[in-house]
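Participant: Numbering (the working numbering), first residue to last: -6 to 236.
Don't be surprised by glycine CBs; every beta carbon is placed ideally from N, CA and C.
(1) Counting beta carbon pairs with one atom in the stretch 35 to 55 and one in the stretch 4 to 16, are three or more of them shorter than 8 Å?
(2) Label residue 65 either buried or exposed according to how many other C-beta atoms from any shown protein chain fall within 10 Å of its C-beta, with 16 as the threshold for buried.
(3) Assign residue 170 to one of two classes, buried (16 or more other C-beta atoms within 10 Å of its C-beta) or exposed (fewer than that).
(4) DSSP three-state call for residue 60: helix, strand or coil?
(5) With a cut-off of 8 Å, do at least 3 Cβ pairs link the stretch 200 to 209 to the stretch 169 to 189?
(6) Who does residue 41 pair with in a DSSP beta bridge?
(7) What do you reckon, are the CB atoms on residue 61 and residue 90 nearer than 9 Å?
(8) Output yes or no for whether 9 Å exceeds the beta carbon distance between residue 37 and residue 47.
(9) Grouping DSSP H, G and I as helix and E and B as strand, with all else coil, what is residue 78?
(10) Can you tell me whether residue 18 sits near the ligand MN, meaning its C-beta is under 8 Å from at least one heavy atom of the ligand?
(11) On the three-state DSSP scale, how would you describe residue 10?
(12) DSSP on residue 221, reduced to helix/strand/coil?
(13) Excluding sequence positions up to five away, which residues of its chain have a Cβ less than 7 Å from the Cβ of residue 59?
(14) Which residues in the same chain as residue 20 place their Cβ atom closer than 7 Å to its Cβ, once the five residues preceding and following it in sequence are excluded?
(15) Decide if residue 98 is buried, meaning its Cβ has at least 16 other Cβ atoms within 10 Å, or exposed.
(16) Return the Cβ separation of residue 77 and residue 87 in integer angstroms, given the expectation that the two are a contact with Cβ distance under 8 Å.
(17) Going by CA-CA distance only, name the one from 184, 192, 183, 214 that's closest to residue 240.
(18) Can you give the Cα-Cα distance for residue 133 and residue 224, rounded to whole angstroms?
(19) Quick one: grab the DSSP three-state call for residue 103.
(20) In the structure shown, what three-state DSSP assignment does residue 88 receive?
(21) Note down the Cα distance separating residue 67 from residue 43, rounded to an integer number of angstroms.
(22) For residue 182 and residue 193, I'd like the C-alpha separation in whole angstroms.
(23) With H, G and I counted as helix, E and B as strand and the rest as coil, what does DSSP make of residue 97?
(24) Starting from residue 83, follow the beta strand (DSSP E) in both directions and report where the run begins and ends.
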């Protein structure tokens, strides 16, 4: 009997690395198996359930908890490519099937994430215009070799990360979600400076987001490395820029 082997890949929400492994039918019996990230902060877990269905738990780039699914064995073992998406963003978070197809899908997913990241930056810029804010996007050039090689004099404002997302910033997932949070604070008019005036400039760094008051020069630095940085901002009632 030929043992069917399935490649599985996902992107770790903790460190943003691509994680890939292989499983076969025998490994799914008993307590099942898992494909962990080297950082030790996430893993895809799988086990064989009732009626031959595959139970799978997948860490999500956008949600604090993993998503759980049940798959028919035919979907899991006989397709060249099968993907599962976040229930809330509809973005694919796991890729299963033939190794070549899985790698290609993972690369396409990375392009999608980069585009989402850029859209979040653009939307933040639109909100800044609405509230009389200039959009001043900077990048820590010394931290990003990919960006240094690709940047041009004509378009220095918005970084164009290429290849692995890890090269663009310390944690692209956290950074992207922080951008959305900043946008929500701006929409609710909850970004304030001690000087009492409205408006802010947004600067992106390798491991932080910085808001600067265009009137008094006050600064608010928001770390963007771990999920705790994201939760810390989400727990606040407003973003306060200090003089």
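Facilitator: Inspection of the coordinates gives the following:
(1) The stretch 4 to 16 is in contact with the stretch 35 to 55.
(2) Exposed, by the Cβ-count rule.
(3) Classification of residue 170: buried, given that the 10 Å Cβ count is 16 or more.
(4) Of the three classes helix, strand and coil, the one that applies to residue 60 here is strand, per DSSP.
(5) At 8 Å Cβ cutoff, the stretches touch.
(6) Residue 41 is bridged by DSSP to 47.
(7) In this structure, residue 90 does not lie closer than 9 Å to residue 61 by Cβ.
(8) Against a cut-off of 9 Å, the Cβ pair of residue 47 and residue 37 comes out as no contact.
(9) Of the three classes helix, strand and coil, the one that applies to residue 78 here is strand, per DSSP.
(10) Among the components modelled here there is no ligand, and therefore nothing to report on the ligand MN.
(11) Residue state, collapsed to three classes: coil.
(12) Residue 221: helix per DSSP, three-state reduction.
(13) Taken in chain order, the residues that qualify are 50, 51, 52, 53.
(14) Same-chain partners within the cutoff: 26.
(15) By the 10 Å Cβ count, residue 98 comes out buried.
(16) Indeed they touch by this definition, with Cβ atoms about 5 Å apart.
(17) Because the chain is modelled from -6 through 236, residue 240 falls outside the range shown and cannot be assessed.
(18) Caution applies to residue 133, whose pLDDT of 37 falls short of 50 and renders its modelled position unreliable; the value that the coordinates give is listed next. Taking the Cα positions, residue 133 is about 24 Å away from residue 224.
(19) Residue state, collapsed to three classes: helix.
(20) In the structure shown, residue 88 sits in a strand (DSSP, three-state: E or B).
(21) Each residue's CA atom was taken as its position, placing residue 67 and residue 43 some 14 Å apart.
(22) If you take the alpha carbons of residue 182 and residue 193, they lie about 12 Å apart.
(23) Of the three classes helix, strand and coil, the one that applies to residue 97 here is helix, per DSSP.
(24) Annotation for residue 83: no beta strand (DSSP E) segment contains it, and DSSP assigns it neither H nor E.
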